[in-house]
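Enquirer:
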Amino acid sequence: MTKNVTSKELMGGDDDPPLYAPQKKIYPQRVSGTFRRIKWGLMALCLGVYYLLPLVRWNRGLGAPDQAVLIDFQSQRFYFFFIELWPQEFYYFTGLLILAAFTLFLMNALGGRIWCGYLCPQTVWTDLFYAVEHWSEGDRRARIKANAGPLTANRLARRALKQAIWLIIAWWTGGAWVLYFSDAPTLVKDLATFQAPAIAYIWIGILTASTYLLAGHAREQVCLYMCPWPRIQAALTDEWALNVTYKYDRGEPRCSVKKGRAQRALGETAGDCVDCNQCVAVCPTGIDIRNGAQLGCIQCGLCIDACDNVMKRIGRPTRLIGYDNDINVQRRTSGKTELFKPVRSRTVVYAALIATVCAVMLHALLTRSLLDLNVLHDRNPVAVKLSAGAIRNGYTLRFLNKRGFDRVIAVDVDGPANAQIHIVGVDSVTPDRPMIVLARDATTELRVLVTAPVDEKEEKTQPVKFRITDIGLGEVASATDHFVTP
Amino acid sequence: MSQHNDTDHISGRSTTGHEWDGIKELNTPLPRWWVLTFYATIIWAFGYWLVYPAWPLVSGYTVGVLHTTNRAAVTANLAEFEALRGEKMKALGTASLADIENDPALLALARARGKTVFGDNCAPCHGSGAAGAKGYPNLNDDDWLWGGTLDQILQTIQFGARSGNAKAHEGQMLAFGKDGVLKSDEIVTVANYVRSLSGLSTRKGYDAAKGEKIFADNCVACHGEGGKGNQELGAANLTDKIWLYGSDEATLIEAISNGRAGVMPAWEGRLDPVTIKALAVYVHALGGGK
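Same order as they appear, the protein sequences are chains A and B. Going letter by letter, the first sequence gives residues 1 to 486 in this note's numbering. Going letter by letter, the second sequence gives residues 487 to 776 in this note's numbering.
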């Protein structure tokens, strides 16, 4: 019998994994620099768009909503500035998703996880929540010290203030969310006077809770354990993509400032990294970038700023950590010049796909008809023989008027010879060419009967074409079906 | 937790003992919140099990403390739906038949209501699309035994024909052969004459004048001069292209010999007045209504 050797015995240390690992609290340090400024700018832009967009007005004429961006579930319409989409046009949304995916791939091929570092809502809101934490509880050292020490009244007050501000932001986030689904000014008023529908309060509650929990408490855990993108991204990236990289060819071996100067004075090589750990201190996911590209790195670039600040202070060139790739690290090591290739087959293909999807969507959008007609043939019975011997077919016609005003249309039929058309429930002044009024921004479904004196010995089916003409605008739409003889 | 004597020498961590293509899985603990969430879902499952129906038993199932059933939920939803529909149905009840046809919203409502009720009550005889069958009129065409105006259709649905209802349509095709009124050769002759009325071919050597005479003596009373029919009596129009039982000679001979007396049930009392109204509008809107 072999002896069971535990890992503890093997390693001579405490390595027996516990059932679970408590979350390691991360205290990111405040940092200033280029990438921090970019992040502030993008945060202001993203949050500004999110919070203010529902308040933007867009005049669509009488009776139509004047909100620029509105998802109207009740009347099943989606408004986006000059575009008004009907439920059956939801494929535009599919197009947008495809576009978003390709854009993500292109960003990834060019600059790694730009999405994660700068644009992902989790990053943006976590960054905002960290800013609140900095402001109320102080910077990294103050927070570590305070958390290790006793709970004083001052500290309690600061923590309470932080939680309060977090909750206000979270609540505001949920509040902005529901404004996309109803007329914003009305809803704000209704919410304030407790007149709004329960669903609005429920969604504000859900968004408040999720924002508070994810951005305030889960933070980097979302990126490490919940988000699938780091895993997918690893399969999509290639060796040319620029990633936040520690240039170990320049940084190693690490040595102190003093020792480094002495070495260089003697003409010997010395690494630029002084092992100050600033890159680790500022990292919002608590990783050490010097261990190479890793799942936990969201590539926000804050370690670049932290390292640059140190390099400037000790008089060494900046960008010991910077956007770079392993190819260049290897090229420099073997004495070659750096090489960046943003134009590669991969990026060209992604860009071409993006352009194609954009073109297709734009074409579909510009050529979409605002007057439409669908036709459905009666199935039971398919055809009816009338007392005089003529044959009649019944159809259900669905008229779509996507314009914001009522309009009068004439219905014509091109089909069997001497075909006559009758619309059930419509007594038109022009019996051979019925006229109906289509309500604005609505569908109208009518039963239409076509009668023709057809000899039963003739062909069993003939094509029939329904043509509708807007009397005022001259817009025409048509739909074809069959005229069946029993 | 079981121990594996296998350790990854690079990270210094123990492994789970699982290996794929030379890659070993590190025994990495999960975050605490993840494990707690997992436990919470287990507790939730127990709660769910107690509250809702869960376990199938030999006869029946555990009902749960809430006694929730899908059937009860459906019944409640249907009751809610009926209450919701009540308002609109009331409008249907107060409007006149002509008003309903002229109001697109009411027409759509009546047609939708009529279609479902038709499927439940009328389809067995008239077919789900009201195309009829032999002996059961096609309600899509423009030929009507008892009249095709809105009011006439309503009247027929309400009281039926030969249904036993006091207000039902009455009148029948007599059995000229069985009752000994006409002889066989006369029946054949008049059958051919009837076929000629709607332009159908006639038997070789048939005496048209004799047929006309027999028709004038026996049939005109109900079917009218020239066989145009009479909707008061439910007498069919014999000059058109529509035949309830068929137009071939044998079918006509059978009808003349044995008579016809199809029954349409009265729906008053079995369906509520608003539903009958919706049904009348639906049938009228099928396209054959006058």
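We put the CB at the ideal spot given by N, CA and C, even for glycine.
1) Is the number of C-beta pairs between the stretch 679–697 of chain B and the stretch 753–763 of chain B that are closer than 8 Å three or more?
2) Taking just the CA atoms, how far does His709(B) sit from Ala661(B)?
3) Against chain B, does Lys385(A) count as a neighbour if the rule is that its beta carbon must be under 8 Å from one of theirs?
4) Does any residue of chain B have a CB that is nearer than 8 Å to the CB of Gly394(A)?
5) Taking Cβ positions only, does Tyr20(A) come closer than 8 Å to chain B?
6) May I have the straight-line CA-CA distance separating Ala388(A) from Ser733(B), to the nearest angstrom?
7) Checking contacts by CB at 8 Å: is Val476(A) closer than that to chain B?
8) Does Tyr225(A) have its Cβ less than 8 Å from a Cβ in chain B?
9) Cutting at 6 Å between CB atoms, please list the residues of its own chain near Tyr246(A), excluding the five before and the five after it.
10) Based on the DSSP output, what are the partners of His422(A) in its beta bridges?
11) Along chain A, in chain order, which residues have C-beta atoms closer than 7 Å to that of Asp507(B)?
12) Along chain A, which residues have their Cβ under 8 Å away from the Cβ of Lys727(B)?
13) Hey, quick one: how far does the alpha helix (DSSP H) through Thr123(A) stretch, first residue to last?
14) Below 8 Å between beta carbons: does that hold for Val408(A) and Ile423(A)?
15) Residues of the stretch 588–620 of chain B with a CB closer than 9 Å to any CB of chain A: list them in chain order, please.
16) By the DSSP assignment, the alpha helix (DSSP H) with Ala265(A) in it spans what residues?
17) DSSP three-state label for Arg37(A), please.
18) Run down chain B in chain order and give the residues with a C-beta less than 8 Å from the C-beta of Gly425(A).
19) Where does Phe532(B) sit, in a helix, a strand or coil, going by DSSP?
20) Report yes if the CB atom of Gln299(A) is closer than 8 Å to the CB atom of Arg155(A), and no otherwise.
21) I want to know whether the stretch 138–154 of chain A touches the stretch 234–254 of chain A - three or more CB-CB distances under 8 Å.
22) Taking the C-alpha atoms as reference points, what is the distance between Glu505(B) and Ile528(B)?
23) Of the residues Val769(B), Gly775(B), Ser497(B), which one's Cα is nearest the Cα of Ala478(B)?
24) Could you tell me whether the Cβ of Asn277(A) comes closer than 8 Å to any Cβ of chain B?
25) Could you tell me which residues DSSP puts in a beta bridge with Thr461(A)?
26) Smallest Cα separation from Thr488(A): which of Asn328(A), Val413(A), Met435(A)?
27) Does any CB atom of chain B fall closer than 8 Å to the CB of Gln221(A)?
28) Would you check whether the ligand FAD has a heavy atom nearer than 7 Å to the C-beta of His377(A)?
29) List the residues of chain B whose Cβ lies closer than 7 Å to the Cβ of Leu449(A), in chain order.
30) Spatial neighbours of Glu740(B) within its chain, please: CB distance less than 6 Å, with the 5 preceding and 5 following residues excluded, ordered by chain position.
31) Taking any Cβ of chain A, which residues in the stretch 675–705 of chain B have a Cβ under 7 Å from it, in chain order?
32) Which same chain residues, not among the five before or five after Ala109(A), have their C-beta less than 8 Å away from its C-beta?
33) Do Gly779(B) and Leu449(A) have their C-beta atoms within less than 8 Å of each other?
34) When the Cα of Arg746(B) is compared with those of Phe567(B), Glu656(B), Leu578(B), which residue comes out closest?
35) Since Trp753(B) meets chain A, which of its residues come closer than 8 Å, beta carbon to beta carbon?
36) Is there at least one Cβ from chain B nearer than 8 Å to Gln23(A)'s Cβ?
Expert: Straight from the coordinates:
1) no
2) 15 Å
3) yes
4) yes
5) yes
6) 15 Å
7) no
8) yes
9) Ile289, Arg290, Ile321
10) Leu449(A)
11) Within 7 Å Cβ-Cβ: nothing; Asp507(B) doesn't reach chain A, min ~16 Å.
12) Lys385, Leu386, Ser387, Ala388, Gly389
13) 121–137
14) no
15) Asn588, Asp589, Pro590, Leu593, Ala594, Arg597, Gly613, Ser614, Gly615, Ala616, Ala617, Gly618
16) 257–265
17) helix
18) Glu587, Asn588, Pro590, Leu593, Ala771
19) helix
20) no
21) no
22) 30 Å
23) Nothing about residue 478(B) can be reported from this structure: the residues present for chain B run from 487 to 776 only.
24) no
25) Val484(A)
26) Beyond the ends of chain A as shown, which are 1 and 486, falls residue 488(A); an answer cannot be given.
27) yes
28) You won't find the ligand FAD in this model; it holds no ligand whatsoever.
29) Gly773
30) none
31) none
32) Leu236, Thr237, Asp238, Trp240, Ala241, Arg344, Arg346, Thr347, Tyr350
33) Since the first residue shown for chain B is 487 and the last is 776, residue 779(B) is missing from the structure and cannot be characterised.
34) Glu656(B)
35) Ordered by position in chain A, no residue passes the 8 Å Cβ test against Trp753(B), which lies about 22 Å from the chain.
36) yes
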